[in-house]
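Note sheet for the following structure.
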């Protein structure tokens with residue numbers, strides 16, 4: 311089972327709820343004990359954050375990163391609208407679930 315499948319299965323029905331990073335990891339590990347915790351990176355699964363090195367794989371989004379360091383589970387295919395940040399800088403945006411990356415990350 312892929313990380314994507316584990317995340318979707320674990321958080322099914324939890325749309326709109328907010329989780330701290332350790333809670334996300336703990337919930338997945340409880341359901342799938344064989345999962346390597348270092349492979350669960352909530353920031354890499356956000357609509358509004360991107361990390362260098364994953365931009366080619368920026369295709370699985372289920373969380374919104376919040377200012378307090380927590381993550382809101384929105385689910386896959388959510389009609390998100392808002393900016394995409396990298397290192398505090400806006401590098402793209404979403405408009406009704408359609409993403410537009412404005413610049414290459416360097």
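Numbering (this note's numbering), first residue to last: 311 to 416.
Even glycine gets a Cβ: it sits at the ideal position worked out from N, Cα and C.
Once DSSP output is grouped into helix, strand and coil, what is the label at residue i?
i: residue 312; result: coil
i: residue 419; result: Residue 419 is absent from the structure shown; the chain starts at 311 and stops at 416.
i: residue 370; result: coil
i: residue 345; result: coil
i: residue 350; result: coil
i: residue 393; result: strand
i: residue 382; result: strand
i: residue 330; result: coil
What residue range is occupied by the uninterrupted beta strand (DSSP E) comprising residue i?
i: residue 399; result: 399-405
i: residue 410; result: 408-411
Suppose contacts are defined by Cβ-Cβ distances below 7 Å. Is residue i in contact with residue j by that definition?
i: residue 386; j: residue 393; result: no
i: residue 338; j: residue 316; result: yes
i: residue 434; j: residue 335; result: What is shown of the chain runs 311 to 416, which leaves residue 434 out entirely.
i: residue 370; j: residue 324; result: no
i: residue 352; j: residue 381; result: yes
i: residue 328; j: residue 341; result: no
i: residue 391; j: residue 406; result: yes
What does residue i pair with, by DSSP beta-bridge criteria?
i: residue 321; result: Answer by DSSP bridge pairing: none, since residue 321 is not bridged.
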